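Undergrad: Numbering (full-length UniProt numbering), first residue to last: 1 to 600.
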């Protein structure tokens, strides 16, 4: 029986005046490798002409058109799309939103200052493509725009960048508002890219930069979504399998490997702060430098990888309370692994020394918190890491490691490094308030409250620290150590695992009225020298203080609570003044012991 006639021929068969089978694709389009569409508007009949010539014309037109002609060109309304005149470019962009000058400035800042992540991209490739390919490549535009947005939310960013004079509409009031405009535009452009079904290395990198931007803007749910998106795209591409690096462009394989390890380290750091599960594992070989100029930077990142390889699924299961099966010996061994992960002298850049050293001591504190959660601490333990006073030793080591570093080397790591310092300082404050300290044993060195005083001084000077974390730490100290001295006698210790992300939905508390903190002149200023930094700076990583060009004075006495605005723009903060100060209330009392071994 003959098949019923097709009611409407596809565009190519209609143009060629041949019988259409009605399939998808139809027989004719399949044999000639043409796109089988039904978009053409019927027109008056005309001469048939040469069918071979018609096929050539159709193929030429389809090559010039968008790969998916069912999707209107970017930036144009569907109602104005002319199906008989397909666009010559897959998308159009508003060049006024992201000017060439802004792109070049942001790329220069990124590769000059952001050494922790800069090595996943090629500077020359970005500069070349920014001037020649952005109009034709939407994915490349998304990468460039996301990098620019990432630069704009950095606390040390002081470049004069903004949409050009050709931009029409309400101008952004500050660089955070401008970054948000770029992020919205990236999300809009990505809707026209099939990056999920056919991901590329650029797709993964764009998602990573989106995570970094939203983290800086304090949108924790959104940034977590994009981090998992980047991880998922990397797994779709097989970046977690060493076999995927056997073929392909040698240079691209280098950047793919680096991007994978960056995602692994980032996921583990974020998972610890926000109690998230792990997805990536160290299943491929370590990254390598392309030339001698990259050796220091890559070596510094390998130090970070060595630290975070100690934080595995077993640790995260305990950290997230998915299991309670661990021993004091295992935790003590983990502390030793962290210490052994690094050589005595780090052969890398000053900025990466700051990142690696702060991360090491932060991880030591996190493992110690896990030890107290499981009731393994004792004043008589032979291992220092299993005693109540261990955070004092960690604080001393951290201050010793960073006191000779420049302020700029720490500020370049943004809010992530400040959160780690804040976690260490909060734990130290709890130990000072709960653990009796003998003055005789501390006579030859600085007292623990001097270390806490040094953290106050440091956080007050770091851009993003004074406006966001200093009021939290001041509130913590005012309630725990109002006189910067420990309370006599054993008290119940209650530890929150990872202060910075323990409760993201509560507002930032205002510091107590009249609260003062006195910095220790012996601790110095951690290499701070603002007078030698050119251009206006913004002490913030928080959208609530965006647009300000003032530097909070790191004076020795801070008394005005109005300096630290609370509430607006701080949805991701923790009202720690109303939190139990160390372990959660749900932990049984028999898991917490006093210094003499008695249950508190």
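Even for Gly, the Cβ is constructed at its ideal location relative to N, Cα and C.
Treat the numbers as computed from the prediction; the structure is a model and nothing was measured.
Might you give, ordered along the chain, the residues of its own chain that have their beta carbon closer than 8 Å to the beta carbon of residue 71, omitting 5 neighbours on each side?
TA: Residue confidence for residue 71 is low, a pLDDT of 40 falling below 50, so the modelled location carries little weight; the figure read from the coordinates is stated next. Cβ neighbours of residue 71 beyond the five flanking positions: 192.
Undergrad: What is the DSSP secondary structure of residue 374, reduced to helix, strand or coil?
TA: coil
Undergrad: For residue 237 versus residue 199, is the C-beta spacing smaller than 7 Å?
TA: yes
Undergrad: Going by other Cβ atoms of all chains shown within 10 Å of its Cβ, with 16 needed for buried, is residue 277 buried or exposed?
TA: Exposed, because fewer than 16 other Cβ atoms sit within 10 Å of the Cβ of residue 277.
Undergrad: Can you say whether residue 214 is buried or exposed, counting buried as having 16 or more other CB atoms within 10 angstroms of its CB?
TA: buried
Undergrad: First and last residue of the alpha helix (DSSP H) that includes residue 195?
TA: Residue 195 -> no alpha helix (DSSP H), and no H or E assigned at all.
Undergrad: Which whole runs of the alpha helix (DSSP H) in the UniProt domain "Zn(2)-C6 fungal-type" (9 to 38) are 4 residues long or more, in chain order?
TA: 11 to 16 and 27 to 32
Undergrad: Classify residue 246 as helix, strand or coil using the three-state DSSP reduction.
TA: coil
Undergrad: For residue 281, count the other beta carbons within 10 Å of its own beta carbon; 16 or more makes it buried, fewer makes it exposed. Which is it?
TA: That one is exposed.
Undergrad: Which residue wins for smallest C-alpha separation from residue 602, given the options 398, 102 and 317?
TA: Outside the displayed span of the chain (1 to 600) sits residue 602, for which this structure offers no information.
Undergrad: What runs of the alpha helix (DSSP H), each 4 residues or longer, lie entirely inside the stretch 174 to 240?
TA: 175 to 190, 201 to 216 and 220 to 236
Undergrad: Could you give the uninterrupted runs of the alpha helix (DSSP H) lying entirely in the stretch 100 to 146, keeping only those of 4 residues or more?
TA: Secondary structure within the stretch 100 to 146: the alpha helix (DSSP H) runs of 4 or more consecutive residues, fully enclosed, are 100 to 113, 115 to 118 and 123 to 132 (chain order).
Undergrad: When the Cα of residue 99 is compared with those of 182, 428, 157 and 136, which residue comes out closest?
TA: 182
Undergrad: Taking 7 Å as the threshold (C-beta atoms), are residue 429 and residue 477 in contact?
TA: A contact, by the Cβ cut-off of 7 Å.
Undergrad: When we look at the beta-carbon of residue 482 and count the other beta-carbons within 10 Å, is it buried (16 or more) or exposed?
TA: exposed
Undergrad: Using CA atoms only, rank isn't needed, just tell me which of 463, 402 and 467 is closest to residue 155.
TA: 463
Undergrad: Evaluate residue 420 with the Cβ neighbour count: other Cβ atoms within 10 Å of its Cβ, from every protein chain shown; 16 or more gives buried, anything less gives exposed.
TA: The residue in question, residue 420, is buried, as its Cβ has 16 or more Cβ neighbours within 10 Å.
Undergrad: Sort 432, 136 and 10 by Cα distance to residue 24 and report the nearest one.
TA: 10
Undergrad: In angstroms with no decimal places, state the Cα-to-Cα distance between residue 459 and residue 409.
TA: 14 Å
Undergrad: If residue 230 sits next to residue 189, beta carbons under 8 Å apart, how far is it from one beta carbon to the other, in whole angstroms?
TA: Actually they are not in contact, since the Cβ atoms of residue 230 and residue 189 sit about 17 Å apart, beyond 8 Å.
Undergrad: Can you give the Cα-Cα distance for residue 141 and residue 432, rounded to whole angstroms?
TA: Residue 141 and residue 432 have their C-alpha atoms roughly 52 Å apart.
Undergrad: Quick check on this structure: which residue in 306, 461, 254 and 149 has the alpha carbon closest to the alpha carbon of residue 269?
TA: 306
Undergrad: Measure the alpha-carbon distance for residue 150 versus residue 195 and round it to whole angstroms.
TA: 20 Å
Undergrad: Return the residue from the list 396, 297, 451 and 261 that minimises the CA-CA distance to residue 111.
TA: For residue 111, the closest C-alpha among the options 396, 297, 451 and 261 is that of 297.
Undergrad: For residue 16, is the classification buried or exposed, using 16 other Cβ atoms within 10 angstroms of its Cβ as the cut-off for buried?
TA: buried
Undergrad: Looking at the C-beta of residue 435, does it have a partner C-beta in chain D at a distance below 7 Å?
TA: Of the chains in the structure shown, none is chain D; there is only one protein chain.
Undergrad: For the stretch 207 to 225 and the stretch 127 to 134, state whether three or more C-beta atom pairs, one from each stretch, are separated by less than 8 Å.
TA: Output reads no: the stretch 127 to 134 does not touch the stretch 207 to 225.
Undergrad: Measuring straight from C-alpha to C-alpha, what distance separates residue 391 and residue 126?
TA: So the alpha carbons of these two residues sit roughly 44 Å apart.
Undergrad: Measuring only the C-alpha atoms, how far is residue 27 from residue 36?
TA: A direct Cα-Cα distance of roughly 10 Å separates residue 27 from residue 36.
Undergrad: What is the DSSP secondary structure of residue 413, counted as helix, strand or coil?
TA: coil
Undergrad: Using 7 Å as the threshold, is the C-beta distance between residue 299 and residue 347 below it?
TA: It is a contact, given that the beta carbons lie within the stated cut-off.
Undergrad: Using the C-alpha atoms, what's the distance from residue 246 back to residue 395?
TA: 45 Å
Undergrad: Would you mind sorting residue 340 into buried or exposed? The rule is 16 or more other CB atoms within 10 Å of its CB.
TA: Classification for residue 340: exposed.
Undergrad: May I have the straight-line CA-CA distance separating residue 336 from residue 101, to the nearest angstrom?
TA: 50 Å
Undergrad: Three-state secondary structure (DSSP) at residue 465?
TA: Three-state DSSP puts residue 465 in a helix.
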